[in-house]
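See structure below.
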Amino acid sequence: MERGKNMKRAHYMSNVSNALKFLESRKIKLVNIRPADIVDGKSIILGLVWMLILCYQIEESGNEDGSTAPSGTRGRAKEVLLEWARKKTTGQVEGLEVKDFTTSWRDGMAFNAMIHAIRPELVNLRAVQQMDVRQRLENAFSTAEERMGIPRLIDAEDVDVPKPDEKSIMTYIAQFSRKYPDEPSGALNREHGELLRWINESQHRLQIVNQAITDIQAEYKDYIKYEKECNEKHKQFKNFERKESKSTTFPAEKLKELKDSFDDIIDRVKKWRIKLDTSLPGELGQIGQWINDAESLLEKDLPFDPETLSPEGNYKNYSILKDEHARFFNNKDLIQQSFLRIKRDSSIVGQHISQEHLNNLNGRLTAIMQNSEEREHYLNFEETRWKLQCLLTPFDQLLKTLNQKQGNIDETARRLNELKIMVHGDKIIQTIEHIMPDLHSKAQQYHQLSKKDDRKKEFITFTEQVRKRMKSAVTDLTSKETLLEETMENWNTYYSCIEPFEKWLNEGEQVLRRSSEEKTAYFSNVENWRQFHLKLNKAIQFLLSVCDDDNGTMLKNKLLLINRRWKDIDDSVKQYHHDEVIKKKRDEFYAGRAKLLETLEKIEREIQDSLPCTLKAIKEQDHRLYNAQAEIETFQRTLQILIKLGQTIDRESGDQHHPGEMISLLQVCQDKLSKIEHDLPLISKRNKTIHTQLQKFEDGMDKFTQWLNDGKQTIHQYTLQVPVKKIETFLEQHRNFFTETAYYRSMIESKGKLLTDLKKSNVGTQINFNMIDEQYNQMLIEFEQICQEASYWDKQFSLHTELWRNFHHRLKLLEDWIEKAQDIVKEKNDDYAWLIRKHKDFFDNADDEILHGFVNSGQELLHIRSENDQKDIKHLMDTLETKWKTEEKYTSHIDAISRSEDCA
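Numbering (full-length UniProt numbering), first residue to last: 1 to 904.
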């Protein structure tokens, strides 16, 4: 086909000639129509236009497959279209009958009835009947255009005429027939029929795939148009398939037929595209071939089913695909560079290839570049995934084996060994964990490039699942290894315990028929065997929880047997021990009762026995009673313990003849305890009162005793055989010390009264006043004794002092007289007469009482002084008496002189 702005008549003639040849090839009869008639615009062209409408719209609308009718049947096109219109309108409105394509449509009811037949919801026929003709026609044409997509080829004014144009109405009605044809044969519903019709039409239209290209650019336009239509229909089919696949009334084989038909059409469309791409001239055709090969490779399904192959097989196949992909796309950059170079060449576009075709190739090449990289990452991921799966499969098999019930000890040891070899020897977990980062990286790379959300999600999900799975598996393997080790440990426990335990059971069953001494000796370590049995029981119970049915049955039977035998022996031993325990409990009860009773009786005696009325005794008893009071709760708890113990003994002994015997034995303790609880506060209160009075009694006693002792010591050191000064000192000290005698006498009297009151207030009690009476009496006696001694010494000291004072007084008088006498005697004076008179006056008046008083007082002292003092006093008395007498002789001499002078 010729194209361009500078086309001339020759070019027009060529193009019209090609069009007329195509129409002839479709067996459309062209009578006297030449290319020049069309180029020159002669009226004959109107006949050609009607022929085209009749052929491609009216006739094709009457064929089920949408194909052009053979030339021999084209005369029936009008009748077929009229029959279709009649079927659609009949019965819609009473009295409506379509007989032709002219007057039958004039009033507009037939148009509305046809629309109602196809889409009932669009037209309300009752309302339409109330409209006038123009309104009916307008309603039908506007509804068809707006709601059904039927172009308005005619207006109301064209039809509301005495005789409407037949060809116009046929052309308009043919649009309805073409868009809403009757269901083809085999159609189960309208949509199914529509799809079948399109398939039949497509199969006819796609015959072009096998025909030679006359105008590549025009044919490419037809291809693009059809490809778009095909894609829309394919979407329609997919929706239809999803809907009807859930239906129970639509046969599955019909859906498969539709799918096969669509697959065939899509394949033929692809071949059509390949024909167009590879038919391009020169290097473009080579690039077109490469693009289609690349698309085929990218779209090609896997040549194997991963579900049916082993991980090793999948790993090998994906490695091959990866290598194949790498080899094919090794030169993709060169292809892209070549295409870009051609694309920039303006002489090629429009001459050898249309812009639309070039853009299509460019878009596909761009998609190939992206998709090839995406597929590369996809294959990289799959290769790594199946490489990992090669490790995961035996790993999963191991886990599966480990999750099964375990067998005997040998099978358990084998599993444990396999686990240790794979995990610790082959280090499969470390190998998988080493691959995981690479797998995750490749999944991320694919995720960044791919637009396939499901596959991206699958890869990420798979990677995450493997990660979680391995995390869980590591924990699971650790627990499984621990479980196997525990199983082995319990198997070893079982085999090490079962034989000695059965031996002990055999011997124990024999010993039960022997004497008590033998039973006691044999079953003395029964608790050890109880733990042994428990250990064996736990081991078997554990093994039952992990072993298979065969081993479980064996272990269960063994467990039932040893448990039954153990129970028989244990029950017998427990009964034997029960009797022994009852005996021990009785002994414990009687010992506890005796101890409690002894303690209570001791406290009772403490309360009842005579108590000396002393502070020490009261304090000591208060202390004992305080301790007893503090122990009351302990006694009560002990009593309750003994009561419970007694009840236990009565209950466990099963003695029907003496029920409550143990409890009755405790009644004495209960009574004593109750009485003690009653008496203790009273005794404490009494003792508190006595203690207060005794403290009053004792107040000042230490001071009195000290005074008494000091008085005794003071008196003890008294003596009269000391100088008179010392006696005077004694007398002063004595009187100073014993000035408190009256105070202590008053104190003794008050304590006597206190003691009397204390006795009166405690008449009839267990208080013994003997000691305090003795104490008081002794104090009274000692006080009277010291008072008597103090009175005696006071008299003695007073007497001696008085005698001494009198002696010294007379001594002084005597010494003074002698001294004066001596002075007078010694005195000299010329007046001798005067001197004699003076002497005579002095000596004549001398008082003899001075000497006699001195001698008498000296005699009194001689009776009370010591022998040494007597000598001194006697010597002094003699000396002074001699001097006295000497002076008296001098007096006689004076008298003689005086007489001589008188005589003279």
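Backbone N, C-alpha and C define an ideal beta-carbon position, used for all residues, glycine too.
Here's a check: name, in chain order, each residue in its chain whose Cβ is nearer than 6 Å to the Cβ of I274, leaving out the five neighbours to either side.
N292
Going along the chain, which residues of its own chain have a beta-carbon closer than 7 Å to the beta-carbon of N408, five neighbours each way excluded?
Here the set comprises N551.
Across the segment 683-699 and the segment 612-631, are there enough close Cβ pairs to call them in contact, namely three or more that are closer than 8 Å?
yes
Across which residues does DSSP place residue 919 in a beta bridge pair?
The first residue shown for the chain is 1 and the last is 904, placing residue 919 beyond what the model contains.
Report yes or no: do the segment 864-872 and the segment 715-723 share at least 3 C-beta pairs separated by less than 8 Å?
yes
Exposure label - A521; buried when at least 16 CB within 10 Å:
exposed
Going along the chain, which residues of its own chain have a beta-carbon closer than 8 Å to the beta-carbon of N768, five neighbours each way excluded?
S610, L611, P612, C613
Could you please give me the residues that DSSP links to L611 through a beta bridge?
I767
Quick check on this structure: which residue in F843, K812, A833, K243 has the alpha carbon closest to the alpha carbon of M877?
K812
Decide if H434 is buried, meaning its Cβ has at least 16 other Cβ atoms within 10 Å, or exposed.
exposed
Just verifying my parser: in three-state terms, what is the DSSP assignment at I429?
helix
Cβ separation of M109 and V128, assumed to be a contact under 8 Å, to the nearest whole Å
With a Cβ gap of about 7 Å, M109 and V128 count as contacting.
Please list the terminal residues of the continuous alpha helix (DSSP H) segment that includes G858.
848-864
Thinking just about the alpha-carbon of each residue, which of A473, K400, K387 is nearest to the one in I429?
A473
Name the DSSP beta bridge partners of I353, please?
V349
DSSP three-state call for A140: helix, strand or coil?
Secondary structure at A140: helix, using DSSP grouped into helix, strand and coil.
A367 versus L309, V349, C390, E299, residue with shortest Cα-Cα distance:
It is E299.
What is the C-beta distance between F459 and H447, in whole angstroms, given that I count them as a contact (C-beta under 8 Å)?
7 Å
Would Q135 pass as a contact of A117 if the rule is Cβ separation under 8 Å?
Their beta carbons are not under 8 Å apart, which means Q135 does not touch A117 by this criterion.
Taking the runs of the alpha helix (DSSP H) that are 4 residues or longer, which of them lie wholly in the segment 611-653?
615-630, 632-653
6 Å Cβ shell around H678 - same chain, five flanking residues per side excluded:
Once the five neighbours on either side are set aside, H678 has no close Cβ partner at all.
Within the continuous alpha helix (DSSP H) that includes M422, where are the two ends?
For M422, there is no enclosing alpha helix (DSSP H), as DSSP marks it with neither H nor E.
Express the C-alpha separation of F523 and I663 in angstroms, rounding to a whole number.
33 Å
Taking 8 Å as the threshold (C-beta atoms), are L82 and T89 in contact?
no
Should D438 and T393 be called a contact, given that it needs their Cβ atoms to be closer than 8 Å?
no
Where Y180 falls: helix, strand or coil (DSSP):
coil
Do L731 and L814 count as a contact pair if the criterion is CB distance below 8 Å?
no
Which value, in whole angstroms, describes the spacing of the CA atoms of L512 and T478?
Whole-angstrom Cα-Cα distance: 48 Å.
May I ask you to verify whether the segment 702-720 touches the segment 775-788, counting CB pairs closer than 8 Å and requiring at least 3?
yes
For the alpha helix (DSSP H) containing I690, list its first residue and its last residue.
Its alpha helix (DSSP H) spans residues 667-698.
Assess contact between the segment 407-421 and the segment 534-551, defined as three or more Cβ pairs (one per stretch) separated by less than 8 Å. Is contact present?
Contact check between the segment 407-421 and the segment 534-551: three or more CB pairs, one atom from each, fall below 8 Å, which counts as touching.
In terms of residues, what are the limits of the alpha helix (DSSP H) holding D710?
701-716
Under the rule that 16 or more other beta-carbon atoms within 10 Å means buried, what is K519, buried or exposed?
buried
When DSSP labels each residue in this structure, what does F842 get in the three-state scheme?
In the structure shown, F842 falls within a helical segment according to DSSP collapsed to helix, strand and coil.
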